[in-house]
Structure formats: C-alpha cells, structure tokens
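Residue numbers (this note's numbering), protein chains in the order written: chain H, 5 to 242; chain P, 5 to 242. Below: the structure, in structure tokens.
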DNA sequence: CGGCTATGCGAACAACGTACGCATGACGGA
DNA sequence: TCCGTCATGCGTACGTTGTTCGCATAGCCG
C-alpha cells in the first residue's frame, strides 16, 4: 500500500517550510553513522539517501557536493574532542586533550582516509573551538605568546600522525576481517621473514605472544607524547 | 594510416617475452608523474593507460588493482627519503632524515590523501629500508634497545603529522588555483572575521604581511622537531 | 483563491574500476 | 621447420559513482 495512492490526513506528508523532512545536521549525523558502520567506501550519496529514506539527489538541496559533506563530517567528529580549562598540572591537561583526539580518531578510523583531503586547520566551528581551547591552555600554563602556536601545532601534529597510522592499520585489519591477534599469529611468520635481512629491525621485533597489541599501541603513544611534553616543558615561563 | 593495415619490418611491434612493452616499474613511475602533475583525482586507470600508450585494461596484467598500484606508488616515493649513517651529531642526522621526509611529502602532496588508506608501516622494501635506517641511527647514537622503536615512531609521527597537514593545505590551494600569498591577501579578512570571537586565536593571528608563508611553515616545522629531539635527548645512554 | 518558492525525486549522463574473452606474437620441443 | 603453449595487450561490457536538469508537490503570502 503506497502512501501516494491513498492520500488522507494520516498518510499526508507533514512537510512544513520550517521543518523540512531533511536537514543538514541530520544528514551529517547519518553520514557519520554510516562511516562508522561500514567504512569510507560505503559513504555514497545513494546509500546515505537510502538510510534517510530519501533519494540521493535530494541531499544536494542541503549539501553542495560530496566534498562539502566530507568537510562537514570531519568538523562534526572534531566536536567530540574534549578540551577542558587548564588545571594546576598543565601536562595533565594537555595529555587529556591529546588522548581525547586519539580516542576520537580510533572511534572513527575513516578520518585517516579523509584528513589528507580536507586539511585540518580549516574554519569549521569545532576545529576553531579546539584550536582556541588548546592555545588558551598553553597560554594559561606559562607559554609565551609567540610559542603557544608552534607548541600546540607540535602536539597536534604528533597526535594526528600517530592517530592516522593507527587508524590506517585498524582499517586494513577490518577490511581483511581479522582481529589484531589473529593477524599477529597468522602473518607473524611472514613478517619475521621480511624483517630477516634487517638486523636492527629484527632486534626490535621480539614481541612476546602474550602482549595485547592495543595496549602496546597505547604505551607507544604515551611514550611519544611524554617526550614531546618533555621537550616543551622548559619553554614555559614560570 | 594505421600501422595495423600496413605491417612491415618498421611498423612491426618488437614485443619480446623478456621485454614486454609494459612493466610494473614503468607503470609505477608514470603513475607518480601523473599524480605530481595533476593530483590524486587524476590517477585513473584510463588516463594512466593513455600516458603509457596502452589501454586501461592492459595495466591489470602487471598490477592487481588500483589499490595495489597506490601501495606501490607510495613505497616508490618512500624511496626518495635519504637516511644516512649517523655521524658525530645524532641530532643533525635525525634532523636531516626528518627534513628529507617532509621534503618528499611536499614534493608529492598527494601522499597526504592516500597515506591514510594504505597505512605506512607496511612491508614495502623502501619503507623497510627507512625504518631499518632510522632504528640503526638511534641505536648507534646511544638509545637503548627497547626505546629505539618508540623513539623513531615519535619522530616519524610528528613529521608525518606536519607533512600531511601542510600537503592538504597546499593541495587545497592548488585546487583553488591561487598562490599562498594570494590566498592570504584575499581570504585574510574572512579569517580575521572567523577568528574574531576567539581571543586567544586572535592574539596568535598577528602575522605581518611581509613574511613568506612557506618560510613560516618551515620555521614551525623546525621548532616542533627541535622540541621532539629535546624530549628524546635525555633518554640516550652516553 | 492563486501565484511563489522551497523542497524532493526520477531520469539521464559521463566517468570510473574491472571481469571476460579473444587476438597476437614469441618461445620451446618435436 | 612447424606447432602448441603461454604471456601479454586490448575491445567490450557491466555495474556503480557523483552530479545536472526538469518536473512535481506542498506550504506560505498577498
């Protein structure tokens, strides 16, 4: 029974000029859900339209094109990053924010695939908020004006570099349908063979079978972040 | 006059089993050239085929699919990174290698778009060489075994983070067909307006009109790299 | 009540990745 | 010398993509 054939008060579409059945933020939210569920290749105008009970071409009333949609989607997930006011321990504050960025990327691994297309210092409101917040943090914790910018840029570059690497790794894992441990066990021998000719790498690759890969990644992230903050520490003015 | 209609000694194809008219490394090299010249959207099997005087489908005899081609192309440009043996000054050696990575990315800005799809710690020969070389550098300059890995991971994450950001920025500039200075002058007022509500960002955005944006990026990169190395320095064993 | 405008959609188009099957030419053994 | 085999190239074709265009509809305002 198609609603088109039996128009009545109940089936009649309640489309109002003020409340259209489709709007931009709804589209962006559904796009994020689609990306999270099925990855970056699944973000198609038609598929997104289907999920919204709309035709693909309807989306173009609210979004200029696919690229703009991606920009909006990226800014949307930037909104998930928490940036609190700086407390007594500036390292703790920056660390918390940095972890928050990493968590966002791992929650939405597809950002790794699009971050290079969309840039990151663009003018989306959430990106602005993040930058403003981080600069404020460093200023309040004693960094001179002319170094606050470069300093947060350093932290963010590191965090994003790690995040992109990890996300790309996890995406590849997901595509192959294997868990991290599975991969380690199945392709471990192949890696050992590939590493064979490189003495320094072989020396590195003495990972015990019992370590959790996810925790290892976390430790590496923490190590690098600590080093970056160590390097920043003496630039503060007490 | 089609060569097909008048077969002769001169027009006859010199195709040998040992020297096919198409080979993988030639395809990869031409793909890099195409990407450099026209950006990531221009890398299509048909266009690449045209540049090689071949049909699109011929490429599939030498490359499994587009994704594999991208992996090969990425490893190819990783080959441009120079990694020398460590000298007396370990910071100078690491810095040189890091600069080399950045230069490679700026020479091929499209890597920013694909690095998130292909990962970066994969098993391509040139990536292996880079990792081996950097681990060797840090080991030889006094880093303990268990920290050499995390340490190069820290440096590389930072460098790649910066590189991806810069490349994305330059790509967007190239798409809009404007130079960096043009952009600064034309959209400067819009940025000022966007920054208006954020006191800490406004404080940052006091860039003189006479500074060269490219040099400013370079200085920021150097600042962050110095901080990372500052943080790594005390982890060495003399 | 009648025109205006914002919104949704079906159809269509060019371009894409790629599977398939055929043609062709070089090689290796008889 | 000849013939089967095999590697390589290519024409065709299919399904999917982003996007444009023109039409239909339904609420709003005069």
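Every residue, glycine too, gets a C-beta built ideally from N, C-alpha and C. Source: prediction; values computed, not measured.
{"query": "Where residue 6(H) falls, given that 16 or more other Cβ within 10 Å makes a residue buried", "result": "Because residue 6(H) carries a pLDDT of 36, less than 50, the predicted location of this residue cannot be relied on, and the following value inherits that uncertainty. Its Cβ having fewer than 16 others within 10 Å, residue 6(H) is exposed."}
{"query": "Local conformation of residue 113(H) per DSSP, three classes", "result": "coil"}
{"query": "Own chain, CB closer than 6 Å to residue 104(P), minus 5 neighbours either side, in chain order", "result": "85 and 86"}
{"query": "Whole-angstrom C-beta distance between residue 112(P) and residue 315(P), which should lie under 8 Å", "result": "Residue 315(P) is absent from the structure shown; chain P starts at 5 and stops at 242."}
{"query": "Closer than 7 Å: residue 233(P) CB and nearest the ligand FMN heavy atom", "result": "Looking at this structure, you won't find the ligand FMN or any other ligand, since it has none at all."}
{"query": "Below-8 Å beta-carbon distance, residue 43(P) vs any chain H residue", "result": "no"}
{"query": "Rounded separation between residue 60(P) and residue 144(P) - CA only", "result": "48 Å"}
{"query": "Reduced DSSP secondary structure (H/G/I, E/B, other) of residue 85(H)", "result": "coil"}
{"query": "Anticipated Cβ contact below 8 Å, residue 44(H) with residue 117(H), distance rounded", "result": "5 Å"}
{"query": "Contact list for the stretch 169-180 of chain H against chain P, Cβ threshold 8 Å", "result": "169, 171, 172, 173, 175 and 176"}
{"query": "Per-residue contacts from residue 49(P) into chain H (C-beta, under 8 Å)", "result": "By Cβ distance, chain H contributes nothing, its closest Cβ being about 17 Å from residue 49(P), past 8 Å."}
{"query": "CB contact below 8 Å: residue 37(P) versus chain H", "result": "no"}
{"query": "Sub-8 Å separation of residue 132(P) and residue 198(H) beta-carbons", "result": "yes"}
{"query": "Neighbouring residues, chain H, relative to residue 224(P) (Cβ below 7 Å)", "result": "154 and 157"}
{"query": "Whole-angstrom distance between residue 67(P) and residue 151(H), CA atom to CA atom", "result": "48 Å"}
{"query": "Cβ neighbours of residue 168(P) in the same chain (closer than 6 Å, five flanking residues each side left out)", "result": "116"}
{"query": "8 Å Cβ cutoff, residue 78(P) in contact with chain H", "result": "no"}
{"query": "Chain H within 8 Å of residue 40(P), Cβ atoms only", "result": "no"}
{"query": "Cα-Cα separation, residue 210(H) to residue 179(H)", "result": "27 Å"}
{"query": "Secondary structure of residue 104(H), DSSP reduced to three states", "result": "helix"}
{"query": "8 Å Cβ cutoff, residue 198(H) in contact with chain P", "result": "yes"}
{"query": "Touching by the beta-carbon criterion (3+ pairs, under 8 Å), the stretch 158-165 of chain P and the stretch 155-165 of chain H", "result": "yes"}
{"query": "Coil, strand or helix - residue 130(P) by DSSP", "result": "helix"}
{"query": "The stretch 229-237 of chain P touching the stretch 231-238 of chain H, judged by at least three CB pairs closer than 8 Å", "result": "yes"}
{"query": "Interface partners of residue 136(H) on chain P, CB under 7 Å", "result": "202, 204 and 205"}
{"query": "Segments of 3+ residues assigned as beta strand (DSSP E) that fall wholly inside the stretch 33-81 of chain P", "result": "none"}
{"query": "Backbone secondary structure at residue 16(H) - three-state DSSP", "result": "Residue placement at residue 16(H) is flagged as unreliable, the pLDDT there being 47, under the threshold of 50; a coordinate-derived value is accordingly withheld."}
{"query": "Residue interval of the alpha helix (DSSP H) (run including residue 240(P))", "result": "Here residue 240(P) belongs to no alpha helix (DSSP H), and DSSP marks it neither H nor E."}
{"query": "Pairwise C-alpha distance: residue 102(H) and residue 91(H)", "result": "15 Å"}
{"query": "Beta-carbon proximity list for residue 49(H), same chain, < 7 Å, skipping 5 on both sides", "result": "60, 63 and 70"}
{"query": "C-beta contact flag for residue 217(H) and residue 182(H) at 8 Å", "result": "no"}
{"query": "Test: residue 108(H) CB closer than 8 Å to a CB of chain P", "result": "no"}
{"query": "Own chain, CB closer than 6 Å to residue 83(H), minus 5 neighbours either side, in chain order", "result": "130"}
{"query": "Residue-chain proximity (residue 241(H), chain P), Cβ-Cβ < 8 Å", "result": "no"}
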